[in-house]
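Residue numbering for the sequence shown follows UniProt numbering, beginning at 1 and increasing consecutively. For each residue, glycine too, the CB sits at the ideal point set by N, CA and C. Below is one structure; the comments refer to it alone.
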Amino acid sequence: VGCACLTASSSSCPYPPGRWCSSMESAVQCGVLKQCLESDLFRSRRAADPVQVSLYYESLCPGCRYFLTMELFPTWLLLHDYMSVTLVPFGNAQEKPDGQKFTFQCQHGEQECLGNMMETCLLNMTDMAFPIIYCMESSADVTGSLDSCIKLKAPELSTDKVMSCVKGDLGNQLMHQNAVKTKALNPPHNYVPWVTINGVHTEDLQTKAMNSLFTLVCDMYKQDPKPPECGGPSQRHYRSYCHTQ
């Protein structure tokens, strides 16, 4: 029995190379998520505009952490082709001018301000920010896990470079921009996590997002028929085989 097979970066990959970026599931299984995200292969499959999901949150808020790790990130993994995610770490923080800079006071203390700043800098520095933030928010120590999460999700990124942003003028200005975006919400937010869908917030949309974001995104995606991930017609599944000679 003979076999000629190409090797994926993960030994558990059941897909041929031409299918590695066919879905988020295949990309994760084959260990090529980063490469697929940086390519246009996912985007080419969209037949309609993606559903825009924005999350206004703070890094140590228990409800924010639960929604990000248990609803938003899993839904994004499954429906990345059909949705876009915007993260705005600021939440219920307060901002005060201090010369040419700003000082921030956070609801859950200084560590939350640090976490907000870390995640803000990540969002400005790498396309792998969301997976890194998911890793951080899933850990017992959000701020203490920055280095290990970077090494796991984006080893080419320097933790020192991220911390330079956190401690410097760039991070301060980026956080100010988050404050401006949060204060511009209409209606104004009165809790976090605060979710907007295509730029709109209603209590009905918020409730649906909290209960099942996956269902909400599928319902809001304007394609007929719906994509297979949302219960539409299935695409042909390709399999690779090793034949006897």
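- Taking each of 92, 212, 178 and 87 in turn and checking the Cα distance to residue 132, the smallest one comes out for 87.
- Beta-bridge partners assigned by DSSP to residue 95: 104.
- Taking 8 Å as the upper bound for CB-CB distance, residue 58 and residue 112 are in contact here, some 6 Å apart.
- Here the alpha carbons of residue 216 and residue 78 stand approximately 13 Å from one another.
- For residue 50, the closest C-alpha among the options 119, 82 and 144 is that of 82.
- Restricting attention to 219, 102 and 91, the CA atom closest to the CA of residue 198 is found in 219.
- Going by DSSP, residue 139 is part of no beta strand (DSSP E) at all; its letter is neither H nor E.
- Within the DSSP secondary-structure output, residue 87 pairs in a beta bridge with 55.
- Residue environment: residue 115 is assigned as buried (16 or more neighbouring CB atoms within 10 Å of its CB, all protein chains considered).
- Counting C-beta pairs closer than 8 Å gives three or more between the region 116-123 and the region 162-171, which meets the contact rule.
- Secondary structure in the region 166-237: the beta strand (DSSP E) runs of 3 residues or longer, each lying completely within the stretch, are 194-197 in chain order.
- The beta carbon of residue 157 sits closer than 6 Å to the beta carbons of 126 and 150 from its chain, once the five residues preceding and following it are set aside; these are given in chain order.
- Leaving aside the five residues that flank residue 145 on each side, the residues in its chain whose CB is nearer than 7 Å to its CB run, in chain order, 135, 136 and 139.
- Apart from the 5 residues on each side of it in sequence, residue 143 sits with its Cβ closer than 7 Å to the Cβ of 111, 114, 115 and 118 in its chain, given in chain order.
- For the pair of segments examined, the region 93-106 was found to touch the region 175-185: the number of CB pairs separated by less than 8 Å reaches three.
- Around residue 67, the same chain offers 193 as residues with beta carbons nearer than 6 Å, after the five sequence neighbours per side are excluded.
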